[in-house]
Amino acid sequence: MKLSLGPVLYYWQRDAMMNFYLQAATWPVDVVYLGETVCSRRHNLRTDDWLRIAAELRDAGKQVVLSTLTLIESESDLKTMRRLAENGEFLVEANDMGAVHRLSGMPFVAGSQLNVYNPSTLDILAELGACRWVIPLEMSRGKLADLLAHKPANMETEIFVYGRMPLAHSARCFTARHYNKSKDECQFRCLEHPYGLDLDTREGKPFLALNGTQTQSSHVYSLLAEVQSMRGMGDVLRISPQPLQTGEVVTLFQAALEGDVSATSKLSSLLPAQACDGYWHGAAGMLASADLASFME
């Protein structure tokens with residue numbers, strides 16, 4: 001199995017982003033996804049910047065995939081998507097059906113936000129050119145096994161195994177609303193929240209994280225303990241970047257792939273929030289393995 005580094009879902013300062021990918025070039029990941037997938041107003045890096053970073057990572061031995069926006073709302077968004085689709089050098093991850101249409105006839109990655117839940121959809125995507133698909137975050141191990149029995153030949157499967165889960169997208173910006181700003185006058189407040197804006201329940205318990213137009217889980221999804229049992233199910237394991245210690249997280253997943261049973265116990269000190277893995281086990285997503293027995297009763 002290969003390790004991939006998903007696109008950065010947050011809005012970081014330009015220097016921080018450039019330094020992140022400079023470090024990523026040295027990490028034991030095979031695939032690196034690049035691009036803005038959340039909000040088209042985030043312009044610290046432009047398309048030319050992404051293409052330059054892509055070339056540098058390719059030279060470092062990484063397979064580079066350019067990711068498209070999940071929610072395309074304007075002609076400028078369409079132009080950016082078309083340019084990525086027609087870049088001529090790098091594979092592209094399609095995160096909406098408009099991108100799928102544009103990429104038809106070329107190899108592409110079908111992103112998790114396409115919400116593929118049945119073999120017929122996989123067949124259609126394969127006919128259009130999809131060479132890899134990323135499973136929906138809430139898909140359980142059992143459901144995935146059923147679907148893989150009917151998966152098109154030669155299509156790789158990628159599983160999200162670490163990070164805050166992107167649960168929903170909206171045309172409205174929740175971070176801007178928090179500051180009583182409109183989306184168009186947001187003052188780029190996302191820069192103040194490099195790991196999202198935490199949202200608790202009325203009882204004070206962590207619940208969600210607001211990331212501009214994207215809603216994420218507050219808990220960090222981690223399938224590190226399941227890596228060995230995934231052999232034969234996934235071809236690529238995706239790690240979603242976090243502001244700090246992503247390299248250390250990648251190293252632990254690589255160790256787990258190599259059979260290091262102590263890797264799971266070492267992860268706790270790197271987690272920015274409570275861990276969960278409920279979806280993988282067919283339970284509520286915010287639950288962790290230790291909670292599952294009582295949940296099932």
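Take the sequence shown: its letter number 35 is residue 35 in the UniProt record's numbering, and every next letter is one higher.
Just so you know, even glycine gets a beta-carbon here, dropped at the ideal spot from N, CA and C.
Under the three-state DSSP convention, the category residue i falls into
i       : result
Cys-186 : coil
Asn-180 : coil
Gly-134 : The residue asked about is misnamed: residue 134 is Val in this sequence, not Gly. Reduced to three states, the DSSP call for Val-134 is strand.
Leu-270 : helix
Asp-143 : The amino acid occupying residue 143 in the given sequence is Lys; Asp does not appear at that position. Residue state, collapsed to three classes: helix.
Thr-215 : strand
Ser-265 : helix
Ser-289 : helix
Ser-240 : coil
Glu-192 : helix
Glu-156 : strand
Leu-223 : coil
Leu-9   : coil
Met-165 : strand
Nearest-angstrom beta carbon gap, residue j and residue i [assumed within contact, 8 Å]
i       : j       : result
Leu-199 : Phe-207 : 6 Å
Ser-182 : Ala-176 : 6 Å
Ile-72  : Gly-98  : 6 Å
Val-249 : Tyr-179 : With 8 Å as the limit, Val-249 and Tyr-179 do not qualify as a contact, their Cβ atoms being about 30 Å apart.
Tyr-11  : Leu-191 : 5 Å
Gly-129 : Leu-103 : 6 Å
Val-38  : Thr-213 : 6 Å
Ala-24  : Leu-51  : The Cβ separation is near 16 Å, so there is no contact.
Beta strand (DSSP E) segment containing residue i, residue limits
i       : result
Asp-200 : 197-200
Leu-51  : Per DSSP, Leu-51 belongs to no beta strand (DSSP E); it is in the alpha helix (DSSP H), 47-59.
Tyr-33  : 31-34
Leu-3   : 2-5
Alpha-carbon spacing of residue i relative to residue j, whole angstroms
i           : j       : result
Leu-237     : Tyr-117 : 19 Å
Leu-34      : Leu-244 : 18 Å
Leu-252     : Ala-263 : 5 Å
Pro-272     : Gln-216 : 14 Å
Ser-74      : Ile-135 : 27 Å
Thr-70      : Asn-95  : 5 Å
Cys-173     : Gly-259 : 42 Å
Arg-231     : Thr-80  : 37 Å
Gly-88      : Val-109 : 15 Å
Ala-126     : Trp-27  : 31 Å
Arg-46      : Arg-58  : 18 Å
Gly-111     : Glu-93  : 6 Å
Ser-67      : Gln-113 : 12 Å
Asp-235     : Glu-185 : 42 Å
residue 312 : Leu-9   : Any answer about residue 312 is impossible in this case: the structure gives the chain only from 1 up to 297.
Val-13      : His-150 : The amino acid occupying residue 13 in the given sequence is Gln; Val does not appear at that position. Their backbone Cα atoms lie some 43 Å apart in a straight line.
Cys-210     : Val-220 : Note on residue identity: the sequence assigns Leu, not Cys, to residue 210. Straight-line Cα distance between these residues: approximately 14 Å.
Lys-205     : Lys-2   : 35 Å
Arg-82      : Met-233 : 32 Å
Ile-53      : Pro-107 : 21 Å
Thr-201     : Ala-168 : 18 Å
Leu-90      : Val-64  : Here the sequence assigns Phe to residue 90, which means Leu is not the residue at that position. Spanning the two alpha carbons is a distance of roughly 6 Å.
Asp-291     : Ser-120 : 35 Å
Arg-132     : Pro-7   : 16 Å
Lys-62      : Gly-282 : 33 Å
Glu-56      : Ile-239 : 20 Å
Range covered by the alpha helix (DSSP H) that runs through residue i
i       : result
Ala-171 : Note, Ala-171: premise wrong, no alpha helix (DSSP H); not H, not E.
Tyr-21  : 14-24
Leu-257 : 246-257
Test: residue i CB closer than 9 Å to a CB of chain C
i       : result
Val-250 : In summary, chain C is missing from the structure at hand, where a single protein chain is found.
Hey, which unbroken runs of the alpha helix (DSSP H) at 4 residues or more fall wholly within the stretch 67-131?
75-85, 97-103 and 119-128
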